[in-house]
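Each remark here refers to the structure printed beneath this line.
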Amino acid sequence: MDITPLPHFPAYLHYHKSLPMSNDRTNGVVGFLAGLAAGAALGVLFAPRSGKDTREAIAGAGRKARDRFGDTMDEAHQAWSEMKGKAQDTATMTREDVEDFLRFLFEEGRDLADRLRKDVSATAEEAAAKAQQTADHIRHGH
Numbered sequence: 056m057d058i059t060p061l062p063h064f065p066a067y068l069h070y071h072k073s074l075p076m077s078n079d080r081t082n083g084v085v086g087f088l089a090g091l092a093a094g095a096a097l098g099v100l101f102a103p104r105s106g107k108d109t110r111e112a113i114a115g116a117g118r119k120a121r122d123r124f125g126d127t128m129d130e131a132h133q134a135w136s137e138m139k140g141k142a143q144d145t146a147t148m149t150r151e152d153v154e155d156f157l158r159f160l161f162e163e164g165r166d167l168a169d170r171l172r173k174d175v176s177a178t179a180e181e182a183a184a185k186a187q188q189t190a191d192h193i194r195h196g197h
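Under the working numbering, the first residue of the sequence shown carries the number 56, and numbering increases by one thereafter.
And the structure:
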C-alpha cells in the first residue's frame, strides 16, 4: 500500500486536474467562503458594541466557524469511511483515498452549498438592511 503524507491541500487541488472540482468551482467556493466571512464581519461590525466587544465577537465567530468546519470534515470522513467499509485515520490515507474522499465531498456537498448560499444571501441582506438602518439613524440624529 502506498502511504503518502497529505500534501498542502490548496496546492493539491491545483495540481490534480483530474479531480471533479475545476478551478472555476474552486474559485466559486473561495468566493462563497469570502462572502460568508464578509457577511458575518459586517453583521458583527454594525452591531452596537464597543471596540473590544466587537473584536472579541469577531474572534469568537472565527473560532466557531473553524470548529464547525473541523466537525463537518470529521463527520464527512466518518461517513466516507463507513461507506467504503474502511476505518482509516486521515494521516494514513493513500493518494487514491484522498482523491476518492475529495470526490465524495464534492458530490455530497452540492446541495449543502446551495443551502448555504441561500442562507448567506439572506444573512448578507439582513446585514445590509441593518447597516442602512444604522446609517439612517445616524443621518437623522436619532
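Backbone N, C-alpha and C fix where the C-beta goes; we use that ideal spot for every residue, glycine too.
If you draw a 10 Å sphere on the C-beta of phenylalanine 124, you find fewer than 16 other C-beta atoms in it, and that means exposed.
Around lysine 119, the same chain offers no residue with a beta carbon nearer than 7 Å, after the five sequence neighbours per side are excluded. Within the model, the alpha-carbon separation for alanine 134 versus leucine 160 is close to 10 Å.
Straight across, the Cα-Cα distance linking lysine 185 with alanine 131 is about 35 Å. In terms of CA proximity to threonine 127, Gly164 leads the group Ala183, Ala116, Gly164.
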